[in-house]
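Right, one structure below, let's go through it.
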Amino acid sequence: MGCNTTLNVSCHEGICADTLHGYLNPMFRIYVHPALYVFGIPGNLLSLGIWMQKEMRNSTSHYFSALAMSDTVVLCLHSVFTIQTATGWNIISNTGLCEGFHALYLSMESLSGFLILGLTVDRFVIINYPLRRFKIQARARALKTIIALFVLSLVIGVLEGLMWSYDRTSASCTIRSLIPTDSGIFLKIWYIVLLCVGIVFPMLIIIVLNVIIARALLLVSKRRNRLWFDSDEHSSDQADHSSAEPRLHKSDMDGTLILLCLSMYLVVSECPDGIVYLLRPFFLPQGSSVDTFCTYSTVALCLETFALTNYASNVLIYSLAGRRFRNCVRKHIHIPLNRL
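Taking the working numbering, the leading residue of the sequence shown gets 3, the next gets one more, and so forth.
Okay, here's the thing in structure tokens:
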């Protein structure tokens, strides 16, 4: 893929061959990343199958199904890059594939974050505005929202893809010559805009809404415990007072707990990686010392690997946080085993 590709944050690897990055890079590419593919891709496909079951279908399951598909695509595309890096084959460094790969990868990567954002809004409405949930939580509306988020992600990916082209001279995927890369002004501005639109604003909204959701859940839990331990003579009055508060169905509670876990892991894993990656134009070898660049490449490689777990571990989060998901997995695994 050459030295200027989106995923290859460790460009000019020969410069850092004798550093910590030169030791970690082959170990991560050959052992750690393939292990994440082996666990993550089947896990995402299992999640997709579970969320598409009839008993699991609701507006929330549509978001989880779309998330499983986008995460699977991200892992598959990342595996292609890993194969090229490990073997030296020019799989993606070709005319058309260079631009398309960058566009598709960033689109799917952005879509995963946007889906969590859409799901957060969905849960926020359910918890805080229960009387409006039947209007906003409709399946058709959820599907329309997912399509809109996909289009937005596709636009961002296409804009990123237009900045790359295949250079026949160096046989690598590189920044288009039309972009003034010598000064780096255009590239830096683009990455700052991408940082704000793709990471800063969505993550801030997710964090704020999740804090409100968690606070509402704590209030509901405290009221339930208070009603449980109060005497019979006061329980009826408090029940009347609490009737105006949001009441959560078990499926709503499951979906909300899963969302809180997914959101927390998304923020912890993706924010540092996204910020470091989008700061790449400020740490190119042409504008910084070799030691600074190699240190940046080492940090970027570690954060990239940690962020990759976000696309491979959702099935584990679903199983730990979602009771209905666990029961459905047991049911559909138990039936085939009984037929053997």
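The beta-carbon is built from N, C-alpha and C at its ideal position, and this holds for glycine as well.
Taking DSSP as the reference, what is the three-state secondary structure of Tyr25? Against the sequence shown, residue 25 aligns to sequence position 23. In the structure shown, Tyr25 sits in a helix (DSSP, three-state: H, G or I).
Cys37 and Ile148: beta carbons closer than 8 Å? For this step, residue 37 is matched to residue 35 along the sequence shown. For this step, residue 148 is matched to residue 146 along the sequence shown. Looking at the sequence itself, residue 37 is Ala, so the reference to Cys does not match. Not in contact: Ala37 and Ile148 (Cβ atoms no closer than 8 Å).
Determine the closest residue to Val218 out of Phe284, Phe126 and Cys304, with distance taken between C-alpha atoms. Mapped onto the sequence shown, residue 218 falls at position 216. For the record, residue 218 in the displayed sequence is Ala; it is not Val. Comparing Cα positions, the closest option is Phe126.
Going by C-alpha to C-alpha distance, which of Thr74, Val40 and Leu322 sits closest to Leu50? If you number the sequence shown from 1, residue 50 lands on position 48. For Leu50, the nearest C-alpha among the options comes from Thr74.
Is the region 166 to 174 touching the region 89 to 101 in the sense that three or more CB pairs, one from each, lie closer than 8 Å? Because the criterion of three Cβ pairs below 8 Å is met, the region 89 to 101 and the region 166 to 174 touch.
Applying the 10 Å Cβ sphere with the 16-neighbour rule, what's the burial state of Ser233? As a first step, residue 233 is located in the sequence shown; it is residue number 231 there, counting from the start. Here Ser233 scores only 45 on pLDDT, less than 50, and its place in the model is too uncertain to base an answer on.
Between which residues of its own chain and Cys330 is the CB-CB distance below 8 Å, once the five residues before and five after are set aside? For the purposes of this step, residue 330 is taken as the residue at position 328 of the sequence shown. Within the same chain, Cys330 has close Cβ partners Ile52, Gln55, Glu57 and Met58.
Smallest Cα separation from Ala70: which of Gln86, Glu111 and Ser81? As a working mapping, residue 70 is identified with position 68 in the sequence shown. Closest option to Ala70, Cα to Cα, is Glu111.
Roughly how many angstroms lie between the CA atoms of Cys263 and Ile319, to the nearest whole one? Counting from one through the sequence shown, the residue named residue 263 turns up at place 261. Counting from one through the sequence shown, the residue named residue 319 turns up at place 317. Their backbone Cα atoms lie some 7 Å apart in a straight line.
Within 10 angstroms of its Cβ, does Leu117 collect 16 or more other Cβ (buried), or is it exposed? Reading the sequence shown from its first residue, position 115 is the one you call residue 117. Classification of Leu117: buried, given that the 10 Å Cβ count is 16 or more.
Under the DSSP definition of a beta bridge, which residues are partnered with Thr176? If you number the sequence shown from 1, residue 176 lands on position 174. Ser167, per the DSSP bridge assignment.
Secondary structure of Asn46, DSSP reduced to three states: What you label residue 46 is simply residue 44 of the sequence shown in a count that begins at 1. Reduced to three states, the DSSP call for Asn46 is helix.
Is there at least one non-hydrogen atom of the ligand MN closer than 7 Å to the beta-carbon of Leu219? With respect to the ligand MN, the structure shown offers nothing to examine, as it has no ligands at all.
Please list, in chain order, all residues of the same chain as Val76 whose beta carbon is under 6 Å from its beta carbon, the five residues on each side excluded. Stepping through the sequence shown from its first residue, residue 76 is reached at position 74. The residues are Met110, Glu111 and Tyr313.
Which of the three DSSP states is assigned to Thr294 in this structure? If you number the sequence shown from 1, residue 294 lands on position 292. It is helical.
Rounded to whole angstroms, what's the CA-CA distance from Asp124 to Ile85? Just pull it up for me. Numbered from its first residue, the sequence shown carries residue 124 at position 122. Numbered from its first residue, the sequence shown carries residue 85 at position 83. Spanning the two alpha carbons is a distance of roughly 38 Å.
Alpha helix (DSSP H) runs wholly inside the region 120 to 160, at least 4 long, in chain order: 135 to 138
Going by CA-CA distance only, name the one from Cys304, Leu221, Leu47 and Phe203 that's closest to Asn130. In the sequence shown, the residue the question calls residue 130 occupies position 128. Considering only alpha carbons, the answer is Leu221.
Does the beta-carbon distance from Cys18 to Ser291 come in below 8 Å? For the purposes of this step, residue 18 is identified with residue 16 of the sequence shown, where counting begins at 1. For the purposes of this step, residue 291 is identified with residue 289 of the sequence shown, where counting begins at 1. For Cys18 and Ser291, no; Cβs fall outside 8 Å.
Return helix, strand or coil for Phe327, following the three-state DSSP convention. Counting from one through the sequence shown, the residue named residue 327 turns up at place 325. Reduced to three states, the DSSP call for Phe327 is helix.
Measuring alpha carbon to alpha carbon, tell me which residue in Val199, Leu322, Ile209 and Leu121 is nearest Val157. Residue mapping note: residue 157 aligns to position 155 of the sequence shown, counting from 1. Checking every option, the nearest Cα to that of Val157 belongs to Val199.
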